[in-house]
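Numbering (this note's numbering), first residue to last: 3 to 175. Quick reminder that beta carbons are idealized off the backbone N, C-alpha and C, glycines included. Some notes on the structure that comes next.
Written out as structure tokens, the structure is:
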């Protein structure tokens, strides 16, 4: 009734330090509370899934780069025999790893945008909210993680291979 609405307006307009919160109990408030619980549950699950997948991706990228470099130990020995420094060898292999990493980053960004859009449309169509958000922060984290992984995964195997004498590297392969 109009009197109840006026009473509610008076309560809201009172000193806000005394007012801690208002509780509404109706079907819309219940649906909003359920949606909020659902979003919080999904966000926690997907955060942990994202961490696991990121670790898995880092391990895969590191393994791929390290395998590529260890397969070219003979090439490293030949380059060292021709007078290339360890820094020169690192630059060569880092260039290759960087191209691979940039390709992975671009595919990951495009795939994440498409997947989050599809999942939001399918899963969250009824709720009217987007649970799966892939924005600038996510892209920057992906780029930093991939580049850091590339640098470390390239540096360690190249350093180990460049430490060997050129004759040893050529003979081993």
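Rounded straight-line distance, which links the Cα of residue j to that of residue i
i, j, result
"residue 168", "residue 89", "15 Å"
"residue 82", "residue 94", "12 Å"
"residue 117", "residue 109", "12 Å"
"residue 170", "residue 84", "14 Å"
"residue 5", "residue 37", "32 Å"
"residue 164", "residue 73", "13 Å"
"residue 33", "residue 126", "14 Å"
"residue 59", "residue 29", "44 Å"
"residue 35", "residue 45", "15 Å"
"residue 50", "residue 57", "11 Å"
"residue 77", "residue 158", "17 Å"
"residue 145", "residue 41", "26 Å"
"residue 39", "residue 52", "20 Å"
"residue 166", "residue 71", "14 Å"
"residue 142", "residue 31", "36 Å"
"residue 67", "residue 101", "11 Å"
"residue 75", "residue 124", "49 Å"
"residue 105", "residue 65", "16 Å"
"residue 61", "residue 11", "59 Å"
"residue 87", "residue 43", "53 Å"
"residue 119", "residue 47", "18 Å"
"residue 8", "residue 147", "56 Å"
Beta-carbon spacing of residue i, residue j below 7 Å
i, j, result
"residue 156", "residue 99", "yes"
"residue 79", "residue 172", "yes"
"residue 151", "residue 63", "yes"
"residue 112", "residue 160", "no"
"residue 136", "residue 114", "yes"
CB-CB length for residue i against residue j, believed under 8 Å
i, j, result
"residue 107", "residue 122", "About 22 Å; that fails the 8 Å criterion."
"residue 103", "residue 149", "6 Å"
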